[in-house]
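The structure appears below as structure tokens.
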Amino acid sequence: MEETSYTRHFPPPGFEPYPAISPFMALLGPMYAHKEGDHNITVGLFVQEHHLNHQEIVHGGVAATLADNAMGYQASHALGGPVATVNLAVDYLASIRAGDWLEVRSRIDRKGNRMLFLACMGTVGDRLVFRAHAVFSAVRRRS
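The structure is reproduced here in structure tokens:
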């Protein structure tokens, strides 16, 4: 895909600013989200220099954080409250570079009473750059 100032400076149509849900998430910089219905979300991020490792590609922790965030959002809405990540596994399939628009889309694979099994895909354009699987658990509220 040819890069233009549009693709480099503005998110695709349908994406809105996605406020950081924690001080840690604020460190990543501006994120965007495209909400689809009540429970589905695609998270997007323009890759910047501070997301890169010493090989000048996205640090794996950035991809894992975005995967955890997208799946956690979907899990909390599906289970009706706060959730905790029980397990997260990421397969890194291709390099992500500064200037790329990275999208992360999640889906529910299986739902129990307190546990949710999800998967997500990270893409740059039509390229699959990582995939992840996670288990989330509903957090009991203390009385």
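First residue of the sequence shown: 0, per numbering that gives the first Met the number 0; consecutive thereafter. Just so you know, even glycine gets a beta-carbon here, dropped at the ideal spot from N, CA and C.
Between the alpha carbons of R96 and L51, how many angstroms are there, rounded?
Their backbone Cα atoms lie some 7 Å apart in a straight line.
Need the endpoints of the beta strand (DSSP E) that H33 sits in, please.
Element bounds for H33: M30 to E35.
Kindly list the residues whose CB is nearer than 8 Å to the CB of S4, restricted to its own chain and excluding five residues on each side of it in sequence; keep chain order.
Summary for S4: the model assigns pLDDT 34, below 50, so the residue's position carries little reliability; its value from the coordinates is reported in the next sentence. Taken in chain order, the list of residues that qualify is empty.
To which residues does DSSP link P16 through a beta bridge?
P16 is bridged to Y31.
By a C-beta neighbour count over all protein chains shown, 10 Å radius and 16 as the cutoff for buried, is S105 buried or exposed?
Classification of S105: buried, given that the 10 Å Cβ count is 16 or more.
If you measure between the beta carbons of A137 and G80, is that distance less than 8 Å?
In contact: A137 and G80 (Cβ atoms closer than 8 Å).
Expressed to the nearest angstrom, what Euclidean distance is found between the alpha-carbon atoms of D90 and H132?
The straight-line gap from Cα to Cα measures roughly 9 Å.
Quick one: is N68 buried, meaning 16 or more other Cβ sit within 10 Å of its Cβ, or exposed?
Counting C-beta atoms within 10 angstroms of its own C-beta, N68 has 16 or more neighbours from the protein chains shown and is therefore classed as buried.
Between the CA atoms of T64 and G98 - distance to the nearest angstrom
CA-CA distance, G98 to T64, rounds to 18 Å.
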